[in-house]
Amino acid sequence: MDSITLATPDDWHLHLRDGAAMADIVDHSARQFGRAVVMPNLKPPVTTTAAALEYRGRILAALPEGARFEPLMALYLTDATPAEEIRRAAEAPEIIGFKLYPAGATTHSEAGVTGIEKIHWALEALERHGVPLLVHGEVTDPDVDIFDREARFIESVLEPLVRRFPALRIVLEHVTTKEGVEFVQSCGPRVGATITAHHLLYNRNALLTGGIRPHHYCLPVLKRESHRQALVAAATSGDAHFFLGTDSAPHARPQKESACGCAGCYTALTAMELYALAFERAGALHMLERFASHNGADFYGIPRNGGTLTLHRTTWQVPETLAFGPERLVPAMAGESLTWRASRRSG
Ligand code: OTD
Ligand code: ZN
Ligand code: ZN
Numbered sequence: 210m211d212s213i214t215l216a217t218p219d220d221w222h223l224h225l226r227d228g229a230a231m232a233d234i235v236d237h238s239a240r241q242f243g244r245a246v247v248m249p250n251l252k253p254p255v256t257t258t259a260a261a262l263e264y265r266g267r268i269l270a271a272l273p274e275g276a277r278f279e280p281l282m283a284l285y286l287t288d289a290t291p292a293e294e295i296r297r298a299a300e301a302p303e304i305i306g307f308k309l310y311p312a313g314a315t316t317h318s319e320a321g322v323t324g325i326e327k328i329h330w331a332l333e334a335l336e337r338h339g340v341p342l343l344v345h346g347e348v349t350d351p352d353v354d355i356f357d358r359e360a361r362f363i364e365s366v367l368e369p370l371v372r373r374f375p376a377l378r379i380v381l382e383h384v385t386t387k388e389g390v391e392f393v394q395s396c397g398p399r400v401g402a403t404i405t406a407h408h409l410l411y412n413r414n415a416l417l418t419g420g421i422r423p424h425h426y427c428l429p430v431l432k433r434e435s436h437r438q439a440l441v442a443a444a445t446s447g448d449a450h451f452f453l454g455t456d457s458a459p460h461a462r463p464q465k466e467s468a469c470g471c472a473g474c475y476t477a478l479t480a481m482e483l484y485a486l487a488f489e490r491a492g493a494l495h496m497l498e499r500f501a502s503h504n505g506a507d508f509y510g511i512p513r514n515g516g517t518l519t520l521h522r523t524t525w526q527v528p529e530t531l532a533f534g535p536e537r538l539v540p541a542m543a544g545e546s547l548t549w550r551a552s553r554r555s556g
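Using our numbering, read the sequence shown as starting at 210 and increasing by one per residue.
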């Protein structure tokens, strides 16, 4: 097979940042994806519909002339999100859902939720208005081992939440464990999960092989091989619970290559190439379209994209660095060779 053509895919979990840095990277996503769920963890966080609509305007303004790309905005849930804000978000077609960050769980999550019981009324409002809840699924208790935080979150927070709010639509974002996969599979169609390319391609050895590898550091942290295999099996199975979300999260090179480096992998430049690599290794390229182009739209109840994206089989080298505002950005697999290359999508 020398090329594969898919219905235009979507990225259901993306960090675009803001300002000059965003302007340098937004087209990497727009070239490949028709739509993306844009995460609200800016500083300050995007907590209101008004702020999200302004941010959306800046994203659209940063696109190259003629590029079409639809940002689907997520709002940042806090202990103090007013009921009125949930109603406003529900009425705005540009807003796709609310993001739950347990306070301190990941980059720029300080303003997140400090206890799930504090937002029960907000979850009721989301359920009532039919607005999805997107979840960063890790406990933040410093006594819990960092590799166990997702599994612990599922048993202590997510499972009770799914039971208590029987109509709430929930996405377990960037699932990284076998426990996460099995939990989502055990739920009905109102619970879904996104899977990143880096968690499909790497296990935790990638962090520490031959030296410490800051560009493989992300949250949730890479897990052991058995978990990676569970993610690959879920993504390539065609199961409608699972869909593409890159969690591409750029940080300038000095912030990554540091004594206390930031979490996040920049995968957007080569997103579909990386997913194609993971699916091909699993002998499942024919399942890529469901995962990348069908399941997410079906979960959110919005039409699948028109248009197509074609990947060609050709060997090429990923650039060492990219422009990122006043700094440089190191993309995933910098300097390495890839065997698929996506051309700009049509339609
Ligand atoms: N994980 N980095 C970031 C966000 C994600 O948890 C996430 O969604 C980021 O830099 O915004 C990361 O490692
Ligand atoms: Zn997250
Ligand atoms: Zn993220």
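Idealized CB from N, CA, C, for every residue including glycine. All figures in this text were calculated on a predicted structure; none of them were measured in a lab.
- For the stretch 440-501, the continuous beta strand (DSSP E) assignments of 3+ residues that do not extend past its boundaries occur at 451-453, in sequence order.
- Rounded to whole angstroms, Val366 and Glu466 show a C-alpha spacing of 34 Å.
- Contact between Arg399 and Ile421 does not hold, since the beta-carbon distance rounds to 40 Å and is not under 8 Å.
- Relative to ligand 1, even the nearest heavy atom lies 7 Å or more away from the CB of Thr517.
- Shown here for Met282: same chain residues with a beta carbon closer than 6 Å to its own, the five before and five after excluded, namely Val247, Ala261, Arg265, Glu303, Ile304 in chain order.
- Of the other Cβ atoms in all chains shown, fewer than 16 fall within 10 Å of the Cβ of Lys327; this residue is therefore exposed.
- Under a 10 Å Cβ-count criterion, Ala468 is classified as exposed, with fewer than 16 other Cβ atoms of the shown protein chains found around its own Cβ.
- Arg554 and Thr517 have their C-alpha atoms roughly 6 Å apart.
- Scanning its chain for C-beta atoms nearer than 6 Å, with the 5 sequence neighbours on each side dropped, one finds around Ala485 the residues Leu520, Trp549, in chain order.
- For Asp456, the CB falls within less than 7 Å of some heavy atom of ligand 3.
- Along the stretch 333-380, the alpha helix (DSSP H) occurs as fully enclosed runs of 4 or more residues at 358-362, 368-373, listed in sequence order.
- Remark: the C-beta of Met248 is in contact range of ligand 3, defined as less than 7 Å to any heavy atom.
- Within the same chain, and ignoring the five residues on either side of Leu497 in sequence, the residues whose Cβ sits closer than 6 Å to its Cβ are Phe488.
- For Asp219, there is no enclosing beta strand (DSSP E), as DSSP marks it with neither H nor E.
- At the C-beta level, Thr455 and Ala493 stay beyond 8 Å of one another.
- Just measuring C-alpha positions, the residue of Pro429, Ala439, Gly473 sitting nearest Asp354 is Pro429.
- Under DSSP, Phe242 forms no beta bridge with any residue.
- Going by beta carbons, Gly447 and Arg499 fall inside the 8 Å limit.
- Runs of the beta strand (DSSP E) lying entirely within the stretch 269-344, each at least 3 residues long, are 279-285, 304-309, 342-344 in chain order.
- For Val393, the uninterrupted alpha helix (DSSP H) segment begins and ends at 387-395.
- Distances from the CA of Gly515 to each of Pro291, Leu547, Trp221, Phe242 were compared; the closest alpha carbon is that of Phe242.
- Apart from sequence neighbours up to five positions away, the residues of its chain that approach Thr445 with a beta-carbon distance below 7 Å are Phe488, Ala491, Ala493, Met496, ordered along the chain.
- Sixteen is the threshold: when 16 or more other Cβ atoms of the shown chains lie within 10 Å of the Cβ of Leu381, as they do, the residue is buried.
- In the DSSP assignment, Gly505 falls within the unbroken alpha helix (DSSP H) covering 504-509.
- The count of Cβ pairs closer than 8 Å, one atom from the stretch 521-540 and one from the stretch 245-259, stays below three, leaving the stretches out of contact.
- The way I'd put it, the stretch 411-419 doesn't touch the stretch 358-372; fewer than three beta-carbon pairs between them come closer than 8 Å.
- The beta carbon of Ala376 lies closer than 6 Å to those of Glu336 in the same chain, with the five residues before and after it left out.
- Per DSSP, His521 is one residue of the beta strand (DSSP E) stretching across 517-526.
- DSSP places Ala402 in the uninterrupted beta strand (DSSP E) bounded by 400-404.
- In the structure shown, Arg550 falls within a strand segment according to DSSP collapsed to helix, strand and coil.
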